[in-house]
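Written out below as structure tokens is the structure these notes cover.
Number of protein chains: 2
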Amino acid sequence: MRDEEKPAIRSLPLFREVSTQTFEGLMAVSYSQAFPPQLDLFTQGERADFLHILVEGSVALHADWNGREAVMAMVRPVSSFILAACIRDVRYLMSARTLERSRILMLPAVDLRAAIRREPELAAAVMSELASGYRGMVRQAKNLKLRTARERVAAWLLGHAHRQGGVNGFTLPVEKRDLASYLGMTPESLSRALSGLKTQGIALDGARVIITDRERLAAVAGYDPLIDEVGDDI
Amino acid sequence: MRDEEKPAIRSLPLFREVSTQTFEGLMAVSYSQAFPPQLDLFTQGERADFLHILVEGSVALHADWNGREAVMAMVRPVSSFILAACIRDVRYLMSARTLERSRILMLPAVDLRAAIRREPELAAAVMSELASGYRGMVRQAKNLKLRTARERVAAWLLGHAHRQGGVNGFTLPVEKRDLASYLGMTPESLSRALSGLKTQGIALDGARVIITDRERLAAVAGYDPLIDEVGDDI
DNA sequence: GCGCAACTTTGACATGGATCAATTATGGAC
DNA sequence: GTCCATAATTGATCCATGTCAAAGTTGCGC
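Protein chains in written order, with full-length UniProt numbering: chain A, 1 to 234; chain B, 1 to 234.
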């Protein structure tokens, strides 16, 4: 792996509190690789052999069933993914593919599990990460069950603006069809939902979105910390 | 707490590998309480002060937003619930209410967290439980995003029959409106979905269901281990 | 910078589920 | 058993969203 990647990985919640020895040991057995866009990293049903850490680029986790597909999560740097399957040493429930050219660190699950057994700090971090991931999925399920398509779009726009540091304008970080799938709708529905929101506090120009009336948009979305506030510690 | 409850709790994945000393210590600070049906145990947004363990009865975890409600999970004995919120010391994302008269053991989250710090076996069990819970929510989100209402009903019937020990006939363990909400549809839609399945391998008599043609029902459901097989270790 | 493929938007239409309303069934309490 | 509240079913209708089709638009490769 490249040395310049290390500080970012070291500062992940997962590794922040871990001893240098353990961290270096894990990095020594990991390898970093660059992948082109639209490449399948792994497929649901395969055994989870590696914890993946996205260093650069972006990755979609998606699920396939009966010829249908749904994006379940969009991963941004720097963060790990499919921790749960690695911990339990079971099969992936989701497939992963790169959206852009991406650099990914692959950490053998067997080494991760060994390190967890050795180091309580790592175990604690994994626990916290899993709890956070679990709650993230609960939020997503709530979002899907309780909100309409348009409400989900409005809430996502607000959430994204917030995660970007409270900005008002941004360009969509992924293609609209992927966002649509992530939000549980078709690209056509997303397009129409966005159009419909033009009178509800946003301005559009292609992939560029400007939130012109945060209050109004929040009212449409029914913005709720218990669904939308990803900063988990509330 | 009652002594006759202990063995069942002791044999939970969470406590199975824990030292007797730690287990007894945790039991000593917990208390067991019986609740009538339809009682609210806690409400989303409240601070998670107790890990709950359902000893007897049944509990629904539900989410509320903007006047709408959705059942997110149905808990059956003996199992713990809202572990993630307790670990992270944050607010509940879901509310809980009893469906029947229930006996619940309440374990102070602060004591649980202390015990986890002391005992690696407990930490390992919590990790495993959280990973399992996370994967359960992923399955649920896949179910919601990929399947139609009728397919979800068919899959649930098969899954329930399987969890009951591979039986063909059973009576619904909860009221149909709660099942409907859990499956992400209205009671009317559940009723119609069940009716529609009468020609697809099931027979109905009120809350009693008999699977007459497992193959056929599985074909309608698009039964998939990566969504439906709750025994996680595949 | 051209051209083509992929993505997006828009329109027309179909449909799965929701909603509303009216019966019918179910299950305790007495 | 009878009564009454609650749940479940059934029917009619509506609406959000999906589907299909046809333009637009974008952006990348050569």
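All C-beta atoms, glycine included, are put in the ideal place defined by N, C-alpha and C.
Between Arg88 of chain B and chain A, is there a C-beta pair that is closer than 8 Å?
-> So yes, Arg88 of chain B belongs to the interface.
Grouping DSSP H, G and I as helix and E and B as strand, with all else coil, what is Gly169 of chain A?
-> Three-state result, Gly169 of chain A: strand.
In chain B, what lies closer than 8 Å to Trp156 of chain A by C-beta?
-> Residues of chain B passing the Cβ test: none, with the nearest at roughly 15 Å.
Indicate whether at least one CB of chain A lies closer than 8 Å to the CB of Val55 of chain B.
-> Val55 of chain B does not count as touching chain A.
With distances taken between CB atoms, is the gap from Gln33 of chain B to Ile104 of chain B smaller than 8 Å?
-> Contact: yes.
Check whether the segment 111-121 of chain A touches the segment 157-167 of chain B, counting contact only when three or more Cβ pairs, one atom from each stretch, lie closer than 8 Å.
-> Touching, no, given that fewer than three Cβ pairs across the two stretches are closer than 8 Å.
Ordered list of alpha helix (DSSP H) runs contained in the UniProt domain "Cyclic nucleotide-binding" (14-133) of chain B, each at least 4 residues | Listed in chain order, they are 20-29, 83-88 and 109-118.
Any non-hydrogen atom of the ligand ATP closer than 7 Å to Gly45 of chain A Cβ | No copy of the ligand ATP occurs in the structure displayed, which carries no ligand at all.
Which residues share a DSSP beta bridge with Asp205 of chain A?
-> Paired residues: A:Arg208.
Verify the CB distance criterion: does Leu144 of chain B have a CB-CB separation below 8 Å to chain A?
-> Yes, Leu144 of chain B counts as interfacial toward chain A.
Pull out every residue of the segment 121-154 of chain B whose Cβ sits closer than 8 Å to any Cβ of chain A, in chain order.
-> For the segment 121-154 of chain B, the set of positions with a beta-carbon nearer than 8 Å to some beta-carbon of chain A reads Ala123, Ala124, Val126, Met127, Ser128, Leu130, Ala131, Ser132, Gly133, Tyr134, Arg135, Met137, Val138, Arg139, Gln140, Ala141, Lys142, Leu144, Lys145, Leu146 and Arg147 in chain order.
With 8 Å set as the bound, which would you pick, yes or no: does the beta-carbon of Ala63 of chain A sit closer than that to a beta-carbon of chain B?
-> By this cut-off, Ala63 of chain A is an interface position.
Please name the residue in B:Ala123, B:Asp224, B:Pro36 and B:Val174 whose C-alpha comes closest to that of Gly206 of chain B.
-> Closest option to Gly206 of chain B, Cα to Cα, is B:Val174.
For Met185 of chain B, does the three-state DSSP call read helix, strand or coil?
-> In the structure shown, the three-state DSSP call for Met185 of chain B is coil.
Expressed to the nearest angstrom, what Euclidean distance is found between the alpha-carbon atoms of Ala73 of chain B and Lys176 of chain B?
-> Distance between the alpha carbons of Ala73 of chain B and Lys176 of chain B: 14 Å.
With a threshold of 16 other CB atoms inside 10 Å of the CB of Lys198 of chain A, please say whether the residue is buried or exposed.
-> Flag for Lys198 of chain A reads exposed.
Any idea if Asn66 of chain B is buried or exposed, counting beta-carbon neighbours within 10 angstroms, 16 or more meaning buried?
-> The residue is exposed, with fewer than 16 neighbouring Cβ atoms inside 10 Å.
Thr171 of chain A versus A:Leu146, A:Pro187 and A:Ala203, residue with shortest Cα-Cα distance | Cα-wise, what sits closest to Thr171 of chain A is A:Ala203.
Express the C-alpha separation of Leu226 of chain A and residue 263 of chain A in angstroms, rounding to a whole number.
-> Residue 263 of chain A is absent from the structure shown; chain A starts at 1 and stops at 234.
Chain B partners of Asp49 of chain A, CB-CB under 7 Å?
-> Neighbours of Asp49 of chain A in chain B, taken as residues at a C-beta separation under 7 Å, are lacking, since the least C-beta distance is about 15 Å.
Is Ile227 of chain A close to chain B, meaning its C-beta is less than 8 Å from at least one C-beta of that chain?
-> Contact with chain B is found for Ile227 of chain A, since one of that chain's Cβ atoms lies less than 8 Å from the residue's Cβ.
From Gly184 of chain B to Tyr31 of chain A, what distance separates their C-alpha atoms?
-> Computed Cα separation, rounded: 42 Å.
Per DSSP, what kind of secondary structure is Glu229 of chain B in: helix, strand or coil?
-> In the displayed model, Glu229 of chain B falls within coil according to three-state DSSP, outside both helix and strand.
Looking at the C-beta of Gln200 of chain A, does it have a partner C-beta in chain B at a distance below 8 Å?
-> For Gln200 of chain A, the answer is no, since every Cβ of chain B falls outside 8 Å of its Cβ.
How far does the alpha helix (DSSP H) with Leu217 of chain B in it reach, from first residue to last?
-> Boundaries of the alpha helix (DSSP H) harbouring Leu217 of chain B: Arg214 to Ala221, taken from the DSSP string.
At least three beta-carbon pairs within less than 8 Å, the segment 117-134 of chain A to the segment 15-27 of chain A = Cβ pair count under 8 Å is three or more, so yes.
Partners in chain A for Gln44 of chain B, counting only beta-carbon separations shorter than 7 Å | For Gln44 of chain B, the neighbours in chain A by C-beta distance under 7 Å run, in chain order, Leu226.
Count the C-beta pairs between the segment 43-63 of chain A and the segment 91-100 of chain A that are closer than 8 Å, then say yes if the count reaches three, no if not.
-> Yes, they touch.
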